[in-house]
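Each remark here refers to the structure printed beneath this line.
Number of protein chains: 2
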Amino acid sequence: MKRCKHNNLKVTPQRIAIYKKLIELKNHPSADAMFQTVRRDFPNISFDTVNRTLLTFSEIGIVDVIEGHGRQRRFDPDISCHHHFHCVKCKEIIDFYSAEYDNLEIPENIKKKFTVLSKRVVLNGICDKCTE
Amino acid sequence: MKRCKHNNLKVTPQRIAIYKKLIELKNHPSADAMFQTVRRDFPNISFDTVNRTLLTFSEIGIVDVIEGHGRQRRFDPDISCHHHFHCVKCKEIIDFYSAEYDNLEIPENIKKKFTVLSKRVVLNGICDKCTE
DNA sequence: TGACAAACAAGAGTTGCTCCTATCTAATAG
DNA sequence: CTATTAGATAGGAGCAACTCTTGTTTGTCA
Numbered sequence: 110m111k112r113c114k115h116n117n118l119k120v121t122p123q124r125i126a127i128y129k130k131l132i133e134l135k136n137h138p139s140a141d142a143m144f145q146t147v148r149r150d151f152p153n154i155s156f157d158t159v160n161r162t163l164l165t166f167s168e169i170g171i172v173d174v175i176e177g178h179g180r181q182r183r184f185d186p187d188i189s190c191h192h193h194f195h196c197v198k199c200k201e202i203i204d205f206y207s208a209e210y211d212n213l214e215i216p217e218n219i220k221k222k223f224t225v226l227s228k229r230v231v232l233n234g235i236c237d238k239c240t241e
Numbered sequence: 110m111k112r113c114k115h116n117n118l119k120v121t122p123q124r125i126a127i128y129k130k131l132i133e134l135k136n137h138p139s140a141d142a143m144f145q146t147v148r149r150d151f152p153n154i155s156f157d158t159v160n161r162t163l164l165t166f167s168e169i170g171i172v173d174v175i176e177g178h179g180r181q182r183r184f185d186p187d188i189s190c191h192h193h194f195h196c197v198k199c200k201e202i203i204d205f206y207s208a209e210y211d212n213l214e215i216p217e218n219i220k221k222k223f224t225v226l227s228k229r230v231v232l233n234g235i236c237d238k239c240t241e
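Chains A and B, in that order, are what the protein sequence lines are. Under the working numbering, think of the first position of the first sequence as 110, with each following residue one higher. Under the working numbering, think of the first position of the second sequence as 110, with each following residue one higher.
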């Protein structure tokens, strides 16, 4: 919440409610999933507020917007360095951790030209559930 | 085109036109961008045909559907192993190559549980044009 | 406590696919 | 070479997931 003040954002009950739900969740909710969840405690919040708040949070760096192949945008409350496995069948995104991947160097020619903010290894494949 | 036959798909003029444009392109077109391009040579092709064909191509492995943060799905005609830099401002996706990244090992616990089909390192940051 | 900028709810609008139906065509059989 | 038929196409309707607009409410600072 300090983060909000630092960015000239007001601390509203809606934002607090969304933030609390976000840190509770261990998966990668869509805007709609967050809306459904927050709505239980806050019955007349609008979808737009939830969605806008999530985008605002991503701008000040308290959530990540994650890469996806599907149609819905997904948010990631875990902003520590981690990596993703995408199942091409069920579209699920599974987090995993790897020291080797965390320590990857950014290639020189990239570092010279661009400002790199984050890195992530994305594996595509078929998850255990879809293999049967 | 052999690939089409192997997968019991018919070789139609539309598919040939889409395929030709695809291998010409060096960027990461959206379905709509492809539609606009193909339409110039093939004025009465429908958007649906282009989109369906791109999805079909991705299923038989002649294009990749790539991770993206925006609302549009992007296709990648370069299916050799390479990596992506995403500019968080202009949303451009820039390809880069790195032998170090190509040789990354898949962690044991992932290999045991899931079938990995491809791997890619995704860097997020700000590109040279957006830095000014 | 009053003024003002920021945030909110509700609903309309937009984008980017995805599905449906009637028509057409490429490939196989005769 | 023609008939058959499974698969493909065009065009348009339908739908999901945002995104914008408008009028109202709420924090914050003077």
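C-beta atoms are modelled at their ideal positions from N, C-alpha and C, and glycine is treated no differently. Values in this document were obtained by computation on a predicted structure and should not be read as measured data.
- Rounded to whole angstroms, the gap between the alpha carbons of residue 212 (chain B) and residue 229 (chain B) is 11 Å.
- At a cut-off of 7 Å between beta-carbon atoms, residue 241 (chain B) makes no contact with chain A.
- Note on residue 170 (chain B): under 16 other CB atoms within 10 angstroms of its CB, so exposed under the neighbour-count rule.
- At a cut-off of 7 Å between beta carbons, residue 148 (chain B) makes no contact with chain A.
- When Cβ-Cβ separations below 7 Å define contact, residue 217 (chain A) makes no contact with chain B.
- Residues of the region 221-241 of chain A with a Cβ closer than 7 Å to any Cβ of chain B, in chain order: 222, 223, 224, 225, 226, 227, 228, 229, 230, 231, 232, 233, 234, 235, 236, 237 and 240.
- The DSSP-derived three-state label of residue 167 (chain B) is helix.
- As for any alpha helix (DSSP H) of minimum length 4 sitting wholly inside the region 154-223 of chain A, the runs are 156-168, 208-211 and 217-222, ordered along the chain.
- In the three-state reduction of the DSSP assignment, residue 129 (chain A) falls in the helix class.
- Only those residues of the region 129-163 of chain A whose C-beta falls short of 7 Å from the nearest C-beta of chain B would be listed, and there are none.
- Legend: CB atoms of the region 164-179 of chain B lying less than 7 Å from CB atoms of chain A belong to residues 174, 176, 177 and 178.
- By the Cβ-count criterion, residue 226 (chain B) is exposed, with fewer than 16 other Cβ atoms from all chains shown falling within 10 Å of its own Cβ.
- Of the residues assessed, residue 128 (chain B) falls on the buried side of the cut-off, its CB having 16 or more other CB atoms within 10 angstroms.
- Any Cβ of chain A closer than 7 Å to the Cβ of residue 205 (chain B) would place that residue at the interface, and such an atom is present.
- Taking residue 146 (chain B) as the centre and dropping the five residues before and after it, the same chain places the C-beta of 130 closer than 6 Å to its C-beta, in chain order.
- Between residue 203 (chain A) and residue 194 (chain A), the C-beta gap is smaller than 7 Å, which places the two residues in contact.
- For a Cβ distance threshold of 7 Å, nothing in chain A lies close to residue 184 (chain B): the least Cβ distance comes to about 11 Å.
- Counting only Cβ-Cβ distances below 7 Å, residue 120 (chain B) has no contacts in chain A at all, with the closest Cβ about 25 Å away.
- Under DSSP, residue 231 (chain A) forms a beta bridge with A:193 and B:229.
- Here residue 182 (chain A) is buried: its Cβ has 16 or more other Cβ atoms, across all protein chains shown, within 10 Å.
- Across the set B:139, B:160 and B:205, the C-alpha of B:205 shows the shortest separation from the C-alpha of residue 222 (chain A).
- The Cβ-Cβ distance between residue 132 (chain A) and residue 186 (chain A) falls below 7 Å.
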